[in-house]
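Undergrad: One structure coming up, written as structure tokens, with questions to follow.
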Amino acid sequence: MHSERCSARFGSSDGGISIIEGKRRKLLLETQAEGGIKVIREKYLSLTREIGSGPEYFIHSGESKGRALIVKVFNRTADARKRLEATVELTKGLLHPNILRIEGISSEASSTQFIAYKHVHWMNAEGPLAAALKSDLTRSVNLGFKMVGGLSAGINHLHVQGISLEAMNASNFDVFLDVDDRFVMSINSSPLRDVNPSVRDTSSNRSWDIFNDLCRQVLSAANRVLHSELDRERFVSGYLTNREEEHNIERSPVDISPQPMPYPSSPPFLSPDSTVLESKTSTSSDSPSPPRREYVWRQISKENKSLAAVAAEIEFDLALNSLSLKRMALVDKYNVHRCAGYVREEITLASSLADSAVVTHDTPSPTEICPICCQAVGCNEKFSCRCGNRDPGCHPTIKCQHCKSNWSHVHCVGSSQPIICHFCSLVLSLAAAARSSKEPNFGLGRWTTAASASSETDDDTYASAAHFAHIQCKNNERLAGVPYWECRNWECRRTGRHLLTIS
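In full-length UniProt numbering, the protein residues as written are 1 to 503.
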């Protein structure tokens with residue numbers, strides 16, 4: 001009776017089996033792709049948030065049937081499917097803990113082409129690295145070396161497996177971090193390069209180049225997440241090179257030793273008042289500013305060392321918990337922006353523990369936002385203090401609030417409050433005398449606080465006062481009409497002192 005009802009419903013028992021088999025066959029075809037890669041239907045894929053992007057694609061975190069995934073969604077271009085297939089061809093068959101494995105891809109008929117990678121629960125690597133920089137030095141060092149070990153192992157595996165890297169660079173890789181602090185990367189096929197997986201790469205030079213560039217790229221991205229200065233490294237590098245040539249500074253990126261700077265004793269330098277300095281130190285130490293931390297990648301000579309040896313050495317150091325880096329201090333006595341309490345820790349990482357260090361700086365670099373005064377550090381700021389020294393040395397400085405250009409020693413000023421420099425004080429006095437037609441009180445060597453300066457004096461009056469007074473230096477080089485103290489006489493530049501006279 002039951003079989004008869006089933007036959008009446010489905011037509012016949014043989015017909016029912018045929019329908020079920022047909023559905024199974026259709027489902028099997030929908031979940032298989034060429035090369036044995038599984039097809040994931042869009043309705044089974046859920047994206048949670050965007051975590052990155054690259055050339056012609058975006059990266060999202062997501063899940064499919066309860067499994068965490070990283071999903072690379074290609075832009076809707078004519079060659080989207082071709083790029084997907086080229087990427088799959090590069091990645092399939094690779095089995096390594098630091099290389100993402102493909103969970104599935106979209107069907108060829110899908111309106112959106114994507115690749116889903118399995119077993120990743122985190123985000124792009126720069127986010128956790130930046131969080132470590134902000135919170136803890138030890139965590140920053142450990143996580144940085146885990147990145148070095150993971151990337152060296154992954155790129156070495158690509159080289160050993162014969163994946164050609166000659167037409168690739170750091171932009172062909174995306175780096176992620178999973179919940180176990182394991183750095184993993186995905187490989188991308190660039191539409192601008194013809195990458196042939198069948199061509200074996202027998203040279204390790206290109207592997208080293210990509211490894212160095214990728215480490216530098218990830219660490220720089222982590223710095224940009226935490227700090228707002230974009231393209232800072234490229235700009236500062238050129239600025240520092242020019243400044244070092246000007247002062248004949250010789251720097252080594254490896255050998256950085258502490259440089260204690262004693263107080264100069266040559267006249268007319270004024271020794272700081274110890275009582276004043278102690279009171280300021282105790283006041284500022286009540287709420288010290290946290291150090292600014294940055295990653296720096298140091299590329300060293302490859303010699304005969306392989307990436308496999310780098311990965312093994314880092315893994316050994318991590319297992320022994322022996323990541324104790326050298327601590328070094330770098331004092332730049334030519335930097336005029338020297339806010340008291342500033343500290344910058346550069347975590348300089350290399351392919352070995354011996355070549356890495358934590359370098360401490362006591363001055364901010366150009367374009368940086370100083371955390372003490374909350375102002376952007378200029379590139380052409382000048383030091384002009386009553387003590388006559390050409391450079392600030394290692395002592396805290398303060399900027400004139402009128403000309404916004406000249407810096408002076410805090411201990412020479414005798415106050416950490418905003419000040420008007422001695423040159424601006426002179427010109428402001430001249431400007432006031434010009435308005436009142438009275439004999440000016442030049443007040444040479446006297447400092448004026450910003451609060452007591454006349455707010456009625458504008459830049460035009462400031463310049464006309466300098467012209468009215470015919471300001472000259474001791475070598476009789478006229479500075480008439482120049483609103484700032486910029487004597488270019490060779491003798492003045494050599495001694496760093498300008499004795500003003502009024503004609």
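Even glycine gets a Cβ: it sits at the ideal position worked out from N, Cα and C.
With a threshold of 6 Å on Cβ separation, who are the neighbours of M147 within its own chain once the five nearest residues in sequence on each side are excluded?
TA: F183
Undergrad: Who does R344 pair with in a DSSP beta bridge?
TA: R292 and H361
Undergrad: If we ignore side chains and look at the alpha-carbon of each, how far apart do C412 and Q299 end up?
TA: Cα atoms of C412 and Q299: separation of roughly 42 Å, rounded to the nearest angstrom.
Undergrad: My output table needs one value for V39: the three-state DSSP class, helix, strand or coil.
TA: strand
Undergrad: Where does L45 land, buried or exposed, given buried means 16+ other C-beta within 10 angstroms?
TA: Buried, by the Cβ-count rule.
Undergrad: By how many angstroms is the C-alpha of G144 removed from the C-alpha of L129?
TA: 7 Å
Undergrad: Going along the chain, which unbroken runs of the alpha helix (DSSP H) with 4 or more residues stay wholly within the stretch 304 to 352?
TA: If only complete runs of 4 or more residues are kept, the stretch 304 to 352 shows the alpha helix (DSSP H) at 307 to 320, in order along the chain.
Undergrad: Who are the near neighbours of N156 in its chain, counting only those whose CB is closer than 6 Å to its CB and skipping five residues on each side?
TA: L307 and A308
Undergrad: My assumption, with CB atoms under 8 Å, is that K72 sits in contact with F114. Please give the rounded CB distance.
TA: Contact holds; Cβ gap of about 6 Å.
Undergrad: Please classify P396 as buried or exposed, where buried requires at least 16 other C-beta atoms within 10 Å of its C-beta.
TA: buried
Undergrad: Quick check on T77: does DSSP put it in helix, strand or coil?
TA: T77: coil per DSSP, three-state reduction.
Undergrad: Where do the N-terminal and C-terminal ends of the beta strand (DSSP E) with S204 fall, by residue?
TA: Neither: S204 is in no beta strand (DSSP E) and is coded neither H nor E.
Undergrad: DSSP puts A170 in a beta bridge; with which residues?
TA: BP columns for A170 are empty, so no partner.
Undergrad: Under DSSP, the beta strand (DSSP E) around K118 begins and ends at which residues?
TA: F114 to K118
Undergrad: Tell me whether the stretch 363 to 374 and the stretch 323 to 337 touch, counting them as touching only if at least three CB pairs, one residue from each stretch, are closer than 8 Å.
TA: The stretch 363 to 374 vs the stretch 323 to 337: in contact.
Undergrad: Give me, in chain order, the residues of the same chain whose beta-carbon lies closer than 7 Å to that of A376; leave out the 5 immediate sequence neighbours on both sides.
TA: T367 and I369
Undergrad: According to DSSP, is N156 part of a helix, a strand, or is it coil?
TA: helix
Undergrad: If I70 and Y117 are in contact, beta carbons under 8 Å, what's the gap, nearest whole angstrom?
TA: 4 Å
Undergrad: Going by the CB atoms, is the gap between R344 and E313 shorter than 9 Å?
TA: no
Undergrad: Does the separation of the CB atoms of V39 and I102 fall below 9 Å?
TA: Cβ distance not < 9 Å, so V39 and I102 don't count as in contact.
Undergrad: Relative to the alpha-carbon of C373, which residue among L165, V141 and S289 has its alpha-carbon at the smallest distance?
TA: S289
Undergrad: Pick helix, strand or coil for R224, following the three-state DSSP scheme.
TA: In the displayed model, R224 falls within a helix according to three-state DSSP.
Undergrad: If we call anything under 9 Å between Cβ atoms a contact, is R67 one with F74?
TA: no
Undergrad: For V62, which of R49, C394 and A131 has the nearest alpha-carbon?
TA: The residue you asked about is not Val; residue 62 is Gly in the sequence shown. Comparing Cα-Cα distances from G62 to each of R49, C394 and A131, the minimum goes to R49.
Undergrad: Express the C-alpha separation of L165 and A220 in angstroms, rounding to a whole number.
TA: Note on identity: in this sequence residue 220 is Ser, with Ala being the wrong assignment. Approximately 22 Å, taken between the alpha carbons.
Undergrad: May I ask you to list the residues that DSSP assigns as paired with K399?
TA: W407
Undergrad: In or out: G93 buried (at least 16 other Cβ within 10 Å) or exposed?
TA: Counting C-beta atoms within 10 angstroms of its own C-beta, G93 has fewer than 16 neighbours from the protein chains shown and is therefore classed as exposed.
Undergrad: At the level of alpha carbons, what is the spacing between D209 and L318?
TA: Between D209 and L318, the C-alpha separation is close to 24 Å.
Undergrad: Is the beta carbon of N172 less than 9 Å from the beta carbon of S189?
TA: yes
Undergrad: Could you say which of K43, L323 and V331 lies nearest to T138 if we only look at CA atoms?
TA: L323
Undergrad: Output needed for N212: all residues of its chain with C-beta closer than 6 Å, excluding positions within five of it in sequence on either side, in chain order.
TA: Q299
Undergrad: Can you give me the start and stop residues for the beta strand (DSSP E) that E103 sits inside?
TA: I102 to I105
Undergrad: I'd like the span of the beta strand (DSSP E) that includes L47, first residue to last.
TA: S46 to G54
Undergrad: Are residue 507 and N223 closer than 9 Å when you measure CB to CB?
TA: This structure cannot speak to residue 507, because the chain is shown only from 1 to 503.
Undergrad: Helix, strand or coil, according to DSSP, for A376 in the structure here?
TA: strand
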